[in-house]
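Take a look at the structure set out below.
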Amino acid sequence: MSNNILLSVEKPARYMGGEMGTVSGREGALEFVLAFPDVYEIGMSHLGLQVLYGVLKEVPWIMPERAYAPWPDLEESLRTQGKPLVTLERSLPLIEADVVGFTLQYELSYTNILNMLDLSGIPLLASERNEGYPLILGGGPCAYNPEPLADFFDAFLIGDGEDAIVEIADCVRNWKEEQLPKSVLLERLARIQGVYVPCFFEVSYRPDGAVEKIAPLLAGYGSVKRRFVADLESAYYPTSPVVPFLKTVHDRVSVEISRGCTRGCRFCQAGYIYRPVRERSPERVLEIVEETLGNTGYDEVSLLSLSTGDYACLTPLLKGLMDRYASQKKAVSLPSMRVGSLSPEMAEEIRRVRKTGFTLAPEAGSERLRRVINKGITEEALLENARAVYSNGWRLIKLYFMIGLPTETMEDVDRIVEISREVKRQGKFAGNGGDVNVSVSSFVPKPHTPFQWEPQITEEEIVDKQRHLRGELKKKKLIMKWQDASLSGMEGVFARGDRRLSRLLIEAHRLGCRFDGWWEHFDRLKWAQAFEASGIDASFYLRRREADEPLPWDHIDCGVKKAFLLAERAAALKETATPDCRFDKCTGCGVCDFDKIKLRLKDPVPFDTYATEMAPEAPVEEAQRIRIRFEKVGRMRFLSHLEMLTLFTRAVGRSGIPIRYSQGFHPHPKFSFATALSVGIVSYAEYMDFEVNAGYTAAELERALNGSLPEGVRVLEATEIPLRAPALSVIMDKVRYRVTLPEELAHDLQAKVEAFLALESSPLKREKKGKSTEFDLRHELAELKVEGSALEMVVGRGKPVEFTCAILDVQPEALKEARLEKLEVLFS
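Numbered by our numbering, the letters in the sequence shown go through residues 1307 to 2134 in order.
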């Protein structure tokens, strides 16, 4: 992207590309864009996208590229300047790609999909796109009811994508070489297991609006069976993932230790669409962690699974990880733990480096309602777990609950307050005290679950229950977090919607709806207008469905039989438990064929199976200090000071530099920058001080850093200095800059310089976060001269843009195409 576009947006690092782990080159390869319909920080935290990018990266004839939803500031710049949305790798306009594959992670991102297509110049409707446009593909959990998006997508991938994505790419490549009509491509795609092509199904509706029939139009294509990765042990894992420059939502190594869950919580879509359970061996997990930490420099590992506490080898695995990485100050975190799955040994291992937040998910306040949803935990077990967590030093427990579950009464709601208070009391019993944060979401019935037929409570009911809970929890001095009721209503409409919602989405996009999952961007009034203009009644989609009513997603086969879901629904109303087939007999859900598709579990092993001898920590006093000068050029000039801090933290982690760490709860590597450099300035004179173990030389540090820093950041020199030498910020005196001006600003430059030098004073007032700072630019200027169309200056306080604006009498916007360079730092 151009200089002036990147300088006009809030976080240029979202759009500049060039991260470690990305691909470049591959001219003539199939251009496959992985598109995430949300902001970069969320998309880069999504493990599934990293896996697919890694899979495509391994295929030499595919060029994988990425695109994320532009934040409103970039969208405005693109529309103002008539520029298309482009990829991060090669600034490829999406309209020129061969395939654009969208991740459908949550329903409230749907308008962002339309906006990304619109910004790319790609027609929204699949029926309006011929052979000249990219194939628009969707996948992810929301693809299990693709119907609200069916009119916009050419095809959807249902299920696991590691193998299927390459088959799809190969199909597109062959079709392109043969130069055949698009209809041929769609027919070929329909033959790939897991691929749903919407145009090969016709939907009719009854007079009351319900679906009457979903008729296949292609012989032998009556339903679409989900794609499976049979064995996670041999499945691809990205040990050299893309490492972002800026902080993302999940800024760590994420390792999927198992896929699937058979606990059978009746509200949980993931528990049904990701069956059966397939575990990775602890040995393979340890390999993945070792490789990925070495390639990324992260300082935290997260062990991911829908039910991490059920992983048979979890405690020995934790022991092995902590023995290996505790001395390196690397933490291990777990997602929400199932009540009853935290053993004392497990808690002891996690707390060895630092205690991240601990989350427990009772889901419902009363035992009765937990029986309805098949949660299978007791209040006694919950309190025992909480006491163990507080006893092991955690100060905060997060509790997750839902309101609006089937058969819920106000008595069930009030039990949320009581059980949360009891959890907090466990901190006192443990002798340490403790806090509780209560997060309350609203139940949304999801396809392919036993509750897919159940109604969703109205926004008014949600608000009443939220208000009641807030008041009662406040009395108990408990903090509550909740989702806006309107967002829950919107999620419910699209979760169980049909193809007629395409006209609602088109209207909402036309009205400017974007980032609807972000409360600060969700516009309730615009959505009300869209519903009215499109003639859509939201309550129709939130209603109860009859057991014999055809559902919009009936032709999507996730493997779980509909009869099993109906039996589970009946069991819920009787408050009857269904056991977990991991620990009991097969429940007959229909997923397994007991040949390729089956439970793949690892046998438990003794606690110390993966234990290793821990490396001793070096004594604190054995340290030395090294000062480096480095350059920051090319696209790296758009990184902020905080992003440079992240970049060097990752580089130190990748290179194995024996860095010293601060003491305390969250240890940090001991290095420091001289000063913060403004975004957009090229620099050949950035300085940093590192505190490392004694005996590690400046030459070794320089080599190590240059071997792990990205293109555009390079160490130019490194020098050992006394451990107690003055800080860089103390000895920095002045800075030499060069500002090369665009042609239209370079007229009469010498005269303007002489006029400025003749001034006695040039006061400047800065306003930032409500505070003002005043100083005199003329008094801070030590040297100023003209070199062709450039100004070269030596200054004390002040930024080169501020001096240039004062000399030329222009606004900062006029300098967006100027080249700003930091040439030298003068030390006192």
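Every residue, glycine too, gets a C-beta built ideally from N, C-alpha and C.
Residues that residue i bridges to, as DSSP identifies them
i: residue 2003; result: None, per the DSSP bridge assignment.
i: residue 1282; result: The displayed coordinates of the chain run from 1307 to 2134. Any statement about residue 1282 would go beyond what the structure contains.
i: residue 1978; result: 1995
i: residue 1445; result: 1409 and 1463
i: residue 2079; result: 2072
i: residue 1531; result: 1863
i: residue 1565; result: 1584
i: residue 2128; result: 1989 and 2043
i: residue 2133; result: 2038
i: residue 1708; result: 1747
i: residue 2099; result: 2043 and 2090
i: residue 1930; result: 1998
i: residue 1664; result: 1703
Nearest-angstrom beta carbon gap, residue j and residue i [assumed within contact, 8 angstroms]
i: residue 1325; j: residue 1559; result: Contact doesn't hold; Cβ gap of about 15 angstroms is too wide.
i: residue 1992; j: residue 1937; result: 7 angstroms
i: residue 1279; j: residue 1802; result: Outside the shown range of the chain (1307 to 2134) lies residue 1279, about which nothing can therefore be said.
i: residue 1393; j: residue 1371; result: 4 angstroms
i: residue 1793; j: residue 1823; result: 7 angstroms
i: residue 1815; j: residue 1420; result: 4 angstroms
i: residue 1621; j: residue 1846; result: Contact doesn't hold; Cβ gap of about 49 angstroms is too wide.
i: residue 1358; j: residue 1340; result: 6 angstroms
i: residue 1462; j: residue 1454; result: About 12 angstroms separates the two Cβ atoms, so there is no contact after all.
Straight-line gap, residue i to residue j (C-alpha atoms, nearest Å)
i: residue 1313; j: residue 2073; result: 19 angstroms
i: residue 1413; j: residue 1402; result: 27 angstroms
i: residue 1918; j: residue 1600; result: 18 angstroms
i: residue 2120; j: residue 1315; result: 16 angstroms
i: residue 1470; j: residue 1640; result: 29 angstroms
i: residue 1725; j: residue 1610; result: 27 angstroms
i: residue 2058; j: residue 2080; result: 23 angstroms
i: residue 1459; j: residue 1435; result: 10 angstroms
i: residue 1457; j: residue 1355; result: 24 angstroms
i: residue 1669; j: residue 1718; result: 11 angstroms
i: residue 1538; j: residue 2001; result: 44 angstroms
i: residue 1438; j: residue 1482; result: 10 angstroms
i: residue 2134; j: residue 1545; result: 46 angstroms
i: residue 1361; j: residue 1543; result: 8 angstroms
i: residue 1900; j: residue 1705; result: 37 angstroms
i: residue 1949; j: residue 1322; result: 13 angstroms
i: residue 1465; j: residue 1904; result: 15 angstroms
i: residue 1473; j: residue 1487; result: 19 angstroms
i: residue 1351; j: residue 2115; result: 44 angstroms
i: residue 2003; j: residue 1934; result: 12 angstroms
i: residue 1638; j: residue 1598; result: 14 angstroms
Contacts around residue i, its chain only, beta-carbon distance under 6 angstroms, and the 5 residues preceding and following it disregarded
i: residue 1636; result: 1605
i: residue 1374; result: 1342, 1346 and 1349
i: residue 1924; result: With a pLDDT of 49 at residue 1924, under the threshold of 50, the predicted position of this residue should be treated as unreliable, and no value is reported.
i: residue 2047; result: 2095 and 2124
i: residue 1578; result: 1754, 1755 and 1866
i: residue 2100; result: 2040, 2042, 2088 and 2089
i: residue 1739; result: 1733
8 angstroms CB neighbourhood of residue i in its chain, flanking five on each side removed
i: residue 1575; result: 1447, 1450, 1752, 1753, 1754 and 1755
i: residue 1989; result: 1937, 1938, 1939, 1943, 1983, 2127 and 2128
i: residue 1980; result: 1992, 1993, 1994, 2034, 2035, 2038 and 2131
Residues near residue i by beta carbon distance below 7 angstroms, same chain, minus five either side
i: residue 2083; result: 2068, 2070, 2104, 2108, 2109 and 2112
i: residue 1829; result: 1819
i: residue 1673; result: 1684 and 1685
i: residue 1864; result: 1450, 1532, 1578, 1579 and 1754
i: residue 1623; result: 1588, 1591 and 1916
i: residue 1786; result: 1744, 1746, 1775, 1776 and 1779
i: residue 1810; result: 1836, 1837, 1840 and 1842
i: residue 1850; result: 1759, 1760 and 1761
Cutoff 8 angstroms: residue i Cβ touching any chain D Cβ
i: residue 2133; result: You won't find chain D in this structure, because it holds only one protein chain.
>> Quick check for students: name the residue ranges of the alpha helix (DSSP H) that lie wholly in the segment 1760-1804, counting only runs of 4 or more.
In response: 1765-1781 and 1791-1801
> Which runs of the beta strand (DSSP E) fall wholly inside the segment 1311-1387 and span at least 3 residues, in chain order?
Replying inline: 1336-1342 and 1368-1374
>> List, from N- to C-terminal side, the alpha helix (DSSP H) runs of 4 residues or more that fit wholly inside the segment 1602-1640.
In response: 1620-1631
> Counting only runs that start and end within the segment 1842-1899, where is the alpha helix (DSSP H) found for 4 or more residues in a row?
Replying inline: 1844-1848 and 1868-1879
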